[in-house]
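Asks: Heads up: the sequence lines are chains S and Z, in that order. Quick note on numbering: numbering that gives the first Met the number 0 labels position 32 of the first sequence as 31, and the sequence is numbered without any gaps. Quick note on numbering: numbering that gives the first Met the number 0 labels position 73 of the second sequence as 72, and the sequence is numbered without any gaps. The beta-carbon is built from N, C-alpha and C at its ideal position, and this holds for glycine as well.
Number of protein chains: 2
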Amino acid sequence: MYGMIGKMIAATGKRDALLEILLESVGDMPGCLSYVVHKDVKDPDAIWISEAWDSEPSHKASLQLPAVRAAIAKAKPLIASFGDYVITEPAGGHGLSKK
Amino acid sequence: MYGMIGKMIAATGKRDALLEILLESVGDMPGCLSYVVHKDVKDPDAIWISEAWDSEPSHKASLQLPAVRAAIAKAKPLIASFGDYVITEPAGGHGLSKK
Chain S
0 MYGMIGKMIA ATGKRDALLE ILLESVGDMP GCLSYVVHKD VKDPDAIWIS EAWDSEPSHK
60 ASLQLPAVRA AIAKAKPLIA SFGDYVITEP AGGHGLSKK
Chain Z
0 MYGMIGKMIA ATGKRDALLE ILLESVGDMP GCLSYVVHKD VKDPDAIWIS EAWDSEPSHK
60 ASLQLPAVRA AIAKAKPLIA SFGDYVITEP AGGHGLSKK
């Protein structure tokens, strides 16, 4: 498995709009086992994304999906910056479901 | 929804044993929507946990479940330290499934 946990900072006041775009595009990504978008409760502009994929190639391929490319283009102007991120190897758990 | 993303450092060489304990105890936690345990690919002792719950009370209640209490007791000697963690409000995504 391949995973990523990362932070994204929305342009001021744009977090909800950015969340909406992020959530629209996660509907149908082959090999995606989990993709959860979180609001940071302390930072009103921060978003955390935790992802699990069956493999790294599935994750890479998702970035080429037309719906994901469209979402990235739409989201870009609403993103102020990217924070820390970590690459992981998910070991298991609850809520891992293959598309 | 209530969420948490956090880092745990296993005692040297004990990450796999710790992962096994963590994964045993996530089988049946009411209100748990997602609980994914990740290995950090860069740090051989680090574990990341990303969680989503239907509510904060469900998360708190889980800590009182006999299976979870037993797992915590078993895991404690294998944990060197806790790293950063962030409290979140999950906004949605793929892989959120209620017990």
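Just the chain S side, please: which residues come within less than 7 Å of VAL67/Z by C-beta, in chain order?
Replies: Within chain S, no residue comes near VAL67/Z; the closest Cβ sits about 13 Å away, beyond 7 Å.
Asks: Would you be able to state if there are at least three C-beta pairs under 8 Å between the stretch 78-90 of chain Z and the stretch 75-82 of chain S?
Replies: no
Asks: Taking a cut of 8 Å between CB atoms, which residues from the stretch 74-90 of chain Z lie near chain S?
Replies: VAL85, ILE86, THR87, GLU88, PRO89 and ALA90
Asks: Near LYS13/Z, which residues of its chain fall below 7 Å by C-beta distance, leaving aside the five closest residues on each side in sequence?
Replies: LEU77
Asks: Please classify ASP15/Z: is it buried, with 16 or more other beta-carbons within 10 angstroms of its beta-carbon, or exposed?
Replies: exposed
Asks: What are the uninterrupted segments assigned as alpha helix (DSSP H) that are 4 or more residues long and contained completely in the stretch 41-69 of chain S, given in chain order?
Replies: Qualifying alpha helix (DSSP H) stretches, in chain order: 55-61.
Asks: Measuring CB to CB, does SER57/S end up less than 8 Å from CYS31/S?
Replies: yes
Asks: Beta-carbon of ASP39/S versus every beta-carbon of chain Z: anything under 8 Å?
Replies: At a cut-off of 8 Å, the C-beta of ASP39/S has a neighbouring C-beta in chain Z.
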